[in-house]
Amino acid sequence: MSFAAQFRRELDRLFERRTHWLRSVVAGRSPGKPPAFSRKDVRRAIDKLQSVASDALARDLARDEFEEGVAEKRSWHAKRGKGFLFDDRKWAFLDWFDERFRGRKRAFIYVFWNRRRCVYVGKTARSGRRIASHFDKRWFGPVTRLDVYAMRGRRVLPALECLSIHRFQPTRNKVKAESRKWTRKCELCSIHREIEEEVSSIFRLQTPRPRRKRRRR
Ligand SMILES: [Zn+2]
Numbered sequence: 430m431s432f433a434a435q436f437r438r439e440l441d442r443l444f445e446r447r448t449h450w451l452r453s454v455v456a457g458r459s460p461g462k463p464p465a466f467s468r469k470d471v472r473r474a475i476d477k478l479q480s481v482a483s484d485a486l487a488r489d490l491a492r493d494e495f496e497e498g499v500a501e502k503r504s505w506h507a508k509r510g511k512g513f514l515f516d517d518r519k520w521a522f523l524d525w526f527d528e529r530f531r532g533r534k535r536a537f538i539y540v541f542w543n544r545r546r547c548v549y550v551g552k553t554a555r556s557g558r559r560i561a562s563h564f565d566k567r568w569f570g571p572v573t574r575l576d577v578y579a580m581r582g583r584r585v586l587p588a589l590e591c592l593s594i595h596r597f598q599p600t601r602n603k604v605k606a607e608s609r610k611w612t613r614k615c616e617l618c619s620i621h622r623e624i625e626e627e628v629s630s631i632f633r634l635q636t637p638r639p640r641r642k643r644r645r646r
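Those letters in the sequence shown? Residues 430 to 646, by the numbering used here.
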């Protein structure tokens with residue numbers, strides 16, 4: 430199913446659920462017990478709509494921003510003859526980093542990969558040491574590759590980091606993704622925020638007044 434269709438279906442479901450009682454008024458059948466409709470349902474739908482929006486848009490938005498903001502991309506392979514000890518690999522990486530990026534503007538996005546799965550996305554406006562500081566973390570063990578993007582400037586760092594997280598869905602950045610804090614200037618975050626505001630305002634829930642019982646004749 431296309432993203433547009435998924436998005437529509439989710440909205441239609443929510444609307445149908447919300448209007449269940451209303452639909453039954455002239456439908457000529459007993460309204461029965463309406464399906465419960467709560468803030469939780471709205472929240473769940475917002476999450477779903479945001480995730481469909483991410484799936485639909487993250488790739489293109491990230492590509493556009495990266496094309497504009499990235500001066501250079503380099504990959505470092507963690508396993509090839511770099512030794513197994515933390516220090517060996519760290520020094521191998523730092524040598525490589527200094528050689529590749531010496532004298533460049535110091536603003537980088539870095540992405541750790543375990544084959545095709547993204548493990549972690551980070552940013553630094555300092556040196557490769559910040560990146561190497563992750564090497565002694567437990568999750569670094571299975572990392573096979575490290576992509577380093579040298580940025581044209583620091584200004585775009587937070588937005589690009591956020592877009593990379595939307596795009597690659599790294600396993601170690603979950604906390605941030607679940608905190609529902611928006612990154613300013615990240616285009617996808619602002620779409621997420623608009624979805625949330627719009628859906629909450631359409632399906633605003635107040636404490637329900639008790640419905641008058643219909644008199645049977
Ligand atoms: Zn974002």
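Backbone N, C-alpha and C define an ideal beta-carbon position, used for all residues, glycine too.
If you're wondering where the values come from, they're calculated on a predicted model, not measured in any experiment.
Discussion item. Taking 6 Å as the limit between beta carbons, can you name the residues of its chain near Lys614, skipping five residues before and five after?
Written reply: Ala588
Discussion item. I'd like the span of the alpha helix (DSSP H) that includes Cys618, first residue to last.
Written reply: Glu616 to Ile631
Worksheet item: Out of Leu575, His449 and Val499, which has the shortest C-alpha to C-alpha gap to Arg545?
Response: Leu575
Practice prompt. Grab me the residues of Leu490's own chain with a C-beta within less than 7 Å of its C-beta, minus the 5 sequence neighbours each way, in chain order.
Written response: Leu592, Glu616 and Leu617
Discussion item. Shorter than 7 Å, the distance from the beta carbon of Leu617 to the closest heavy atom of ligand 1, or not?
Written reply: yes
Worksheet item: Can you give the Cα-Cα distance for Arg472 and Arg601, rounded to whole angstroms?
Response: 24 Å
Discussion item. Please determine whether the Cβ atom of Leu478 lies at a distance below 7 Å from any heavy atom of ligand 1.
Written reply: no
Worksheet item: Smallest Cα separation from Val572: which of Arg555, Ile624, Arg518 and Arg531?
Response: Arg518
Worksheet item: Excluding five sequence neighbours on each side, which residues of the same chain lie with their C-beta closer than 6 Å to the C-beta of Ala465?
Response: none
Worksheet item: Got a sec: does ligand 1 put a non-hydrogen atom nearer than 7 Å to the Cβ of Leu589?
Response: no
Item to complete: May I have the straight-line CA-CA distance separating Ala500 from Cys547, to the nearest angstrom?
Response: 22 Å
Discussion item. Given 7 Å as the limit, tell me if Leu486 has its C-beta closer than that to any heavy atom belonging to ligand 1.
Written reply: no
Worksheet entry | Residue from His595, Phe522 and Ile475 with nearest C-alpha to Arg442 | Ile475
Item to complete: Please go through the stretch 478-552 and give each complete alpha helix (DSSP H) segment of 4 or more residues, from N-terminal end onward.
Response: 515-530
Practice prompt. Give me the Cα-Cα distance between Arg581 and His621, rounded to the nearest whole angstrom.
Written response: 27 Å
Discussion item. What I want to know is whether the C-beta of Thr573 ends up closer than 7 Å to one or more non-hydrogen atoms of ligand 1.
Written reply: no
Fill in: Burial state of Ser483, where buried means 16 or more other Cβ atoms lie within 10 Å
buried
Worksheet entry | Assigned exposure category for Gln635 - 16 Cβ within 10 Å defines buried | exposed
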